[in-house]
Each structure stands twice: as C-alpha cells, then as structure tokens.
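Engineer: Quick one: the structure is below, and I'll ask about it shortly.
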Amino acid sequence: MTSFKDLEQTGWTRGAAAYDDWFAPVTRQAIGPILDALGDGLPGRTFLDICSGTGHLAKAAAMRGALARGVDFAPTMVAAAQRSFPDIAFSEGDAERLAFADASFDAVTMSFGLLHLSDPEAGLREVFRVLRPAGRFAFTVWLPPDQGFDLMRIVGPAIREHGSRDVSLPPAPSPFRFADLGEAERALTAAGFAGIASRRHDCLWTGTQGSDLLAMIDRAFVRTPMLIDAQTPEAQQRIKQAIVEKAETYRRGDRIELRFPCLVITAAKPG
Ligand SMILES: C[S@@+](CC[C@H](N)C(=O)[O-])C[C@H]1O[C@@H](n2cnc3c(N)ncnc32)[C@H](O)[C@@H]1O
C-alpha cells in the first residue's frame, strides 16, 4: 500500500495550482497571529517557514524585517511560492529531515503542517535542531469538530451516514493530535522545548454555495479526499451530495460561513 507520506506528497503536488484560490484565503488568516506570537524579535533575524506551501507566511515574515526562507516537499508548492515571491528563497525539502545546519535559525514556523507529517516527532526534533539557543517556534493546528471545526462537522457525518470509516488507508497520525494541549506539551517537551504557550484563533471560510466547499475539498485538500476517495463510487456520490446539502445549513444570507478554528502554539529552545 502507498504510504501516508507518499499520498501526502502526491496530493500537495497536485493541489498547489488551486491552493491560493481555494484554501490559502483561510490559512492566511493565521499568519498575523503566528508572527505576533513570535514577539518583536523578527527584524534582522533568520527565519524558516517549514511546510511553506505557496509562501505567504515567509513573505509576511520578510515584510516584518526577518531574513526569511521557506521549505516544502511538494515541488509545485515551492515553484508557486517562488513565482509569487521571487525575493525569498524557497527550497524543496522534507520537514522530517531538513537539509539545514544545526542552530541556523532564530525563528521557525510551521503553519498547518505538523498534522500532515507521518512522523511529527521527527519534525519537532528537526525544528529544535535547526533553531539557535533561545530561538522560537510557532505552529498552528486545526481544532477538532467539538471545538467548532465546522468542515468536519459536515464531512464526518456525511461519511458516517453514507460511507464506511472502515476503508483501507495507510496508517497516519490523528490530524487533531496536537490540538490536545497536553499532548502537544508532552511532544514539545520530549523534543527539548520549553516555554510552551497557546492561543486560539478562528479562521473563517466563506462560499456562495455548497458546491464551493466540495470544490475546495477536491482541489486543495489532501487528508479529507483520502477518506472520500477510498469509498465505493456510489458511496462517494452520496457523501458528496450530503456535503453540499449540509454546507447549506451554515448559510448566513448570501454566504455560507464555516469556522476553521486553530491553535497557535509557541515554544522556545532553551538559551
Ligand atoms: C495545509 S498545507 C499548509 C501550507 C501553508 N503553510 C499554509 O498555511 O497555507 C500543508 C503543506 O505542508 C507540506 N508538507 C506536508 N508534509 C511535508 C513534509 N514532510 N515536508 C515538507 N513539507 C510537507 C505540503 O506540501 C503543503 O504545502
């Protein structure tokens, strides 16, 4: 069976073209809170955004004076980021095995990346390794449906009602593992981090019709389509129809609005 990591890399390589139109408008809402969480120390500091996607976070860090660069394992993401922001260096690389020297960055970020790693512990060890002593790390993860993640309140029941959760998929960590603060603290502490803090931030997705949500899932997501694509063709149809219908229950006037709440978690490498 293809590994989770291979499915992720294939999925993001395919999804890069649609990402800025469909999902970056949501994830970009977390950029300000992530950079704010790093404090005032960005001007003149070396900064690495891991899982940099289409590059907006690295660009925003550079606008705040950081010497920013980005790394992502999807070549099309790297190419898209480089096209949009030619003044910033983006490179291809695996978050679980970074090609950067020890202690080479003052600040590191990973926005909605940790939940996509097949070995998040290895990712955290790598962040710790490339950070200088007293360097700071900030990352985001989505909060689960019971804390307001509307997308999964739609997709989860659609799959439960019309498909099977018992489909053959490669083993993968829970996408909400680090939304459990106790678990995040345990993993960060085990990697050597201290000074762990977190703050909730609510991003918002808006669309004009339920089919917009389906289009975003199809074109710019990776983990959710894995669950849908593993169903029988008939079940896939019913699930997609249910997603379109359930999305309508989130209509506010002429827009459908879904909350995408996240945690911004920060930690420091002891000085
Ligand atoms: C949800 S997107 C987030 C992109 C961007 N940080 C944002 O906030 O919009 C996840 C990104 O992580 C990248 N990614 C996933 N696993 C990775 C890995 N092991 N190494 C490097 N990049 C990875 C994907 O290619 C994709 O660009």
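The sequence shown maps to residues 348 to 618 in this note's numbering.
Glycine residues also receive a C-beta, built at the ideal position from the N, C-alpha and C atoms.
With hydrogens ignored, establish whether the beta-carbon of PHE420 is closer than 7 Å to any heavy atom of ligand 1.
Structural biologist: yes
Engineer: Is PRO489 near ligand 1, in the sense that its beta carbon is under 7 Å from a heavy atom of that ligand?
Structural biologist: Note on identity: in this sequence residue 489 is Trp, with Pro being the wrong assignment. TRP489: no, Cβ never under 7 Å from ligand 1.
Engineer: Does DSSP classify PRO580 as helix, strand or coil?
Structural biologist: PRO580: helix per DSSP, three-state reduction.
Engineer: Could you give the residue range of the beta strand (DSSP E) that holds ILE543?
Structural biologist: 541-554
Engineer: Going along the chain, which unbroken runs of the beta strand (DSSP E) with 3 or more residues stay wholly within the segment 375-404?
Structural biologist: Entirely contained in the segment 375-404, the beta strand (DSSP E) runs reaching 3 residues are, in chain order, 393-397.
Engineer: So, is PRO467 buried or exposed, given that buried needs 16 or more other C-beta atoms within 10 angstroms?
Structural biologist: buried
Engineer: Rounded to whole angstroms, what's the CA-CA distance from ARG483 to ARG606? Just pull it up for me.
Structural biologist: 28 Å
Engineer: Go ahead and label ARG547 buried or exposed: buried means 16 or more other beta carbons lie within 10 angstroms of its beta carbon, across all protein chains shown.
Structural biologist: exposed
Engineer: What I want to know is whether the C-beta of ALA408 ends up closer than 7 Å to one or more non-hydrogen atoms of ligand 1.
Structural biologist: no
Engineer: Run the CB neighbour count on MET563, radius 10 Å, all protein chains shown included, and call it buried at 16 or more, exposed below.
Structural biologist: buried
Engineer: So ASP419 is in the beta strand (DSSP E); what residue range does that whole segment cover?
Structural biologist: 414-419
Engineer: Does the beta-carbon distance from THR393 to ASP441 come in below 8 Å?
Structural biologist: Cβ atoms of THR393 and ASP441: not closer than 8 Å.
Engineer: Between HIS403 and ILE378, is the Cβ-Cβ spacing less than 8 Å?
Structural biologist: yes
Engineer: From which residue to which residue does the beta strand (DSSP E) around SER431 run?
Structural biologist: Note, SER431: premise wrong, no beta strand (DSSP E); alpha helix (DSSP H) at 422-431.
Engineer: Go ahead and label ASP576 buried or exposed: buried means 16 or more other beta carbons lie within 10 angstroms of its beta carbon, across all protein chains shown.
Structural biologist: exposed
Engineer: Looking only at its own chain, which residues have a Cβ that is under 7 Å from the Cβ of ALA436, when we skip the five neighbours before and after it?
Structural biologist: ARG416
Engineer: Count the other CB atoms within 10 Å of the CB of ALA541; is the residue buried (16 or more) or exposed (fewer)?
Structural biologist: exposed
Engineer: If you count every other CB in all the chains shown that lies within 10 Å of the CB of GLN584, and 16 or more means buried, which is it?
Structural biologist: Within 10 angstroms of the beta-carbon of GLN584 lie fewer than 16 other beta-carbons, which makes it exposed.
Engineer: Does the pairing of the segment 421-433 with the segment 354-373 give three or more beta-carbon distances under 8 Å?
Structural biologist: yes
Engineer: My output table needs one value for PHE475: the three-state DSSP class, helix, strand or coil.
Structural biologist: helix
Engineer: Would you say the beta carbon of ALA371 comes nearer than 7 Å to a heavy atom of ligand 1?
Structural biologist: yes
Engineer: Which residue or residues does DSSP assign as beta-bridge partners of PHE607?
Structural biologist: CYS550
Engineer: ALA481 and ALA615: beta carbons closer than 8 Å?
Structural biologist: yes
Engineer: Mind checking which residues open and close the beta strand (DSSP E) that includes ASP367?
Structural biologist: Taken as a continuous stretch (DSSP letters only), ASP367 belongs to no beta strand (DSSP E), being part of the alpha helix (DSSP H) at 351-369.
Engineer: Is CYS550 near ligand 1, with its Cβ less than 7 Å from a heavy atom?
Structural biologist: no
Engineer: State the start and end residues of the unbroken alpha helix (DSSP H) segment that holds THR536.
Structural biologist: DSSP places THR536 in the uninterrupted alpha helix (DSSP H) bounded by 528-538.
Engineer: May I ask you to report which of helix, strand or coil DSSP gives MET457?
Structural biologist: strand
Engineer: May I ask which residues mark the beginning and end of the alpha helix (DSSP H) holding ALA567?
Structural biologist: For ALA567, the enclosing alpha helix (DSSP H) stretches over residues 557-567.
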